[in-house]
Amino acid sequence: MPKLTPFQQWLQQPDAPTDATFKPTDDSLPLLVVGAGPGGLAGMAALKRAGLAFVGVERHSGVGGIWDKSNATSSIYEGMCTVTSRYTTHLGTPVPDDWPDYLPHQRAHEYLARFAEDEQLLPHLRLSTSFVDAEKTPRGTWLVTLEPADGQTYQEEFRGIIFATGAHNRAQTAVPEALAEMARTGGVPVVHSAEYDSPAPFAGQRVLVVGIGNSGSDIADKISAVAARTLLSGRTRPWINPQTAFGVPCDKLTADTPGWLPYWYRLSTFHVIRHLSVGGHRRLGLKRPRHSLNDRLPIGDRGIVEAIRSGRVVIRSDLVELAQGTARFADPRHEPEPVDVMLLATGFARRYPLLETAGTSNDDVAQALSFLMFHRSEPGLCYLAEAVGQRGCWPVFVDQARAIAAYFRAEQEGRANARRFDARRALETPRFKGALFRQADAFHVDYDIYSQALQELSEWLAA
């Protein structure tokens, strides 16, 4: 008997016991999409194709979200490129063949602007308009407060709200306050990676970068070209993967690998490729990670390996103290070192409007969303929340958006499965990880499994 997919397993569960009565949304009103980055544009395109009325709002003067560097909340920095290749970073329309494999931020922004124009989304979009707040009316609609550029707020009623507000902007930085306060008390300036723009301000300084992830390693590499000394400190030693193998971007290689091959074989093969390209961790002065290669998201080598080998970037263990300008580390073999500035590459916190969570962790946020995007108790609220995987997330936004559009279309047409989905919102979300990300939060998924579940959900809603 064939193994059930995660969606089929979810469908076999009995409906969740609930006293909630779900009032259908008012389809005489448009839906509101908040945000015009890759998620928001995917959402608007899906609604348009499904024939659903909608309005989009974007607080910046143009589309692109953080990929528009002129956006005040953008975390993009000089020389930044996409971590994933053009083969897996798109919204359905292929990236031009003559563009680089890894898109400079200018190209990523250009792609999104072209997409908005080609899909004719601009007439539906109110730029320089911010979402302020919303309250549910007795009719089950949403009275939304919006603020245009002139600051004169107004209210407008909508059928529902789809939030595509992103997770990597300056408004959502995750700062370890105790560490930051320790540095400031000792007279050491603190900068978050979201505020970093270029290496120039760090010229001649002794810089401590905290956080060995994709941003931290890339920024450390860039700063080390001008800094007097660059230290890179982190609690967890990540795996470092090459960006390309045999001239092919590794995410494309992963995406093109036949799914019928045993997981152990695929993992072993990539370990060989990784070792041939990057080498062993000990050669870089790193301890071997305690977790398996795919238990956490590895970092891509965008220059950090050469920077470590050449001594431009020096790896240090977890920072335990920063007093009077001297950093002390967990590993006693790492001598205390003076630093002039600390840069926190400590990531971002997921915070979404009108979503109550049991706690502040990413798992708490994931638990509050059915299928990582539907509000548990409000049919009119959806979230294009970025799922993290081994390749570009933009195509997953497309699958999420289609599922959201399928729900609202099915509800509008009075289909039984829309009502049944409402009755099942409280059920535990299927597990989308497969064999991956055993030590990562629930937003880390196997894209093949998650996308298949979203496609099955869309088809079921339309049935």
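To convert a position in the sequence shown, counted from 1, into this note's numbering, add 723.
Just so you know, even glycine gets a beta-carbon here, dropped at the ideal spot from N, CA and C.
All values derive from a computational prediction rather than experimental measurement.
By Cβ distance, which residues of its chain are closer than 6 Å to residue i, with the 5 residues on each side in sequence left out?
| i | result |
| --- | --- |
| Arg958 | Asp1041 |
| Gly927 | Ala951 |
| Asp1054 | Ser1040 |
| Leu1159 | Asn1017 and Asp1169 |
| Leu1007 | Ile1031 |
| Leu931 | Leu954, Ala1050, Val1062 and Met1065 |
| Gly760 | Gly788 and Gly889 |
| Gly758 | Ala887 and Thr888 |
| Leu1150 | Gln736 and Ala739 |
| Ala906 | Val913, Leu1045 and Met1065 |
| Asn794 | His783 |
| Glu879 | Val867 |
| Glu858 | Leu866 |
| Ser940 | Ile1022 and Ile1027 |
Which residue from the options puts its Cα closest to that of residue i?
| i | options | result |
| --- | --- | --- |
| Ser808 | Tyr800, Thr967 and Asp824 | Asp824 |
| Val1168 | Leu1067, Ser1100 and Asn1017 | Asn1017 |
| Phe886 | Phe1160, Phe1097 and Ala1133 | Phe1097 |
| Glu842 | Ser1181, Val1119, Val930 and Ala765 | Ala765 |
| Gly1048 | Glu904, Ala1089, Pro981 and Arg1006 | Glu904 |
| Pro912 | Trp822, Tyr810, Asp749 and Leu1045 | Leu1045 |
| Ala1128 | Gly1115, Gly1026 and Glu1182 | Glu1182 |
| Leu755 | Pro1118, Glu1029, Val971 and Ser853 | Ser853 |
| Ala1141 | Asn892, Lys859 and Phe745 | Phe745 |
| Gln1135 | Phe730, Leu1184 and Leu1095 | Leu1184 |
| Ala769 | Gly1157, Phe1120, Arg1147 and Ser1174 | Phe1120 |
| Phe965 | Pro1021, Pro747 and Leu1095 | It is worth fixing the name first, because residue 965 is Pro in this sequence and not Phe. Closest option to Pro965, Cα to Cα, is Pro1021. |
| Gly874 | Asn892, Ala917, Val855 and Gln1162 | Val855 |
| Asp750 | Val971, Tyr1130 and Arg1125 | Tyr1130 |
| Val786 | Arg837, Ser991, Ala773 and Thr868 | Arg837 |
| His1014 | Pro817, Arg960, Leu826 and Gly934 | Arg960 |
| Thr805 | Asn937, Leu1180 and Gln731 | Asn937 |
| Ala1110 | Leu1077, Ala1133 and Arg1154 | Arg1154 |
| Gly982 | Asn892, Gly802, Leu1092 and Asp1171 | Asp1171 |
| His1004 | His891, Thr980, Pro985 and Ile1038 | Ile1038 |
| Lys1156 | Asp1145, Arg1143 and Ala1176 | Ala1176 |
What residue range is occupied by the uninterrupted beta strand (DSSP E) comprising residue i?
| i | result |
| --- | --- |
| Gln878 | Tyr877 to Phe881 |
| Ile884 | Ile884 to Phe886 |
| Asp750 | Per DSSP, Asp750 belongs to no beta strand (DSSP E) and is neither H nor E. |
| Trp865 | Trp865 to Glu870 |
| Leu1045 | Leu1042 to Ala1046 |
| Leu1067 | Val1064 to Leu1067 |
| Arg1051 | Thr1049 to Phe1052 |
| Asp856 | Ser853 to Lys859 |
| Leu844 | Neither: Leu844 is in no beta strand (DSSP E) and is coded neither H nor E. |
| Val1036 | Val1036 to Arg1039 |
Over what stretch of residues does the alpha helix (DSSP H) that includes residue i continue unbroken?
| i | result |
| --- | --- |
| Tyr1173 | Tyr1170 to Ala1185 |
| Ala978 | Cys973 to Asp979 |
| Leu999 | Tyr986 to Ser1000 |
| Glu1029 | Ile1027 to Ser1033 |
| Phe730 | Pro729 to Gln735 |
Skipping 5 residues on each side, what residues in its chain have a beta carbon closer than 8 Å to that of residue i?
| i | result |
| --- | --- |
| Ala1211 | This structure gives no information on residue 1211, because the portion of the chain shown stretches from 724 to 1186. |
| His847 | Met767, Lys771, Phe777, Val778 and Gly779 |
| Trp790 | Gly760, Pro761, Ser797, Ile799, His828, Ala831, His832 and Leu835 |
| Leu994 | Just to set this straight, residue 994 is His in the shown sequence, not Leu. Result list for His994: Leu1016, in chain order. |
| Ser1084 | Asp1164 |
| Leu727 | Gln735 |
Note down, in chain order, each residue of its chain lying with its Cβ closer than 7 Å to the Cβ of residue i, except the 5 sequence neighbours on either side.
| i | result |
| --- | --- |
| Pro753 | Ala776, Phe777, Val778, Phe881 and Arg882 |
| Lys792 | Ile799 and His828 |
| Leu845 | Ala839 |
| Arg1147 | Asp738 and Ala739 |
Could you confirm whether any beta carbon from chain C is found closer than 8 Å to the beta carbon of residue i?
| i | result |
| --- | --- |
| Gly939 | Checking the listed chains, one finds no chain C in this structure; it contains a single protein chain. |
Report task. Entirely within the stretch 901 to 965 and at least 4 residues each: give me those alpha helix (DSSP H) ranges in chain order. Result -> 937 to 946
Query raised in the report: Quick one: complete beta strand (DSSP E) runs, 3+ long, within the stretch 758 to 828?
Result: 777 to 781
Query raised in the report: Does the stretch 1093 to 1112 come close enough to the stretch 875 to 889 to have 3 or more Cβ pairs within less than 8 Å?
Result: Touching, yes, given that three or more Cβ pairs across the two stretches are closer than 8 Å.
Query raised in the report: Can you find at least 3 beta carbon pairs, one from the stretch 887 to 898 and one from the stretch 1067 to 1079, that sit closer than 8 Å?
Result: yes
**Report entry** Contiguous alpha helix (DSSP H) assignments of at least 4 residues, all confined to the stretch 1083 to 1160
**Finding:** 1085 to 1090, 1117 to 1135 and 1139 to 1146
Query raised in the report: Per the contact definition of three or more C-beta pairs closer than 8 Å, is the stretch 1086 to 1094 in contact with the stretch 965 to 984?
Result: no
Query raised in the report: Does the pairing of the stretch 1114 to 1122 with the stretch 799 to 813 give three or more beta-carbon distances under 8 Å?
Result: yes
Query raised in the report: Does the count of Cβ pairs from the stretch 1018 to 1028 and the stretch 935 to 946 closer than 8 Å reach three?
Result: yes
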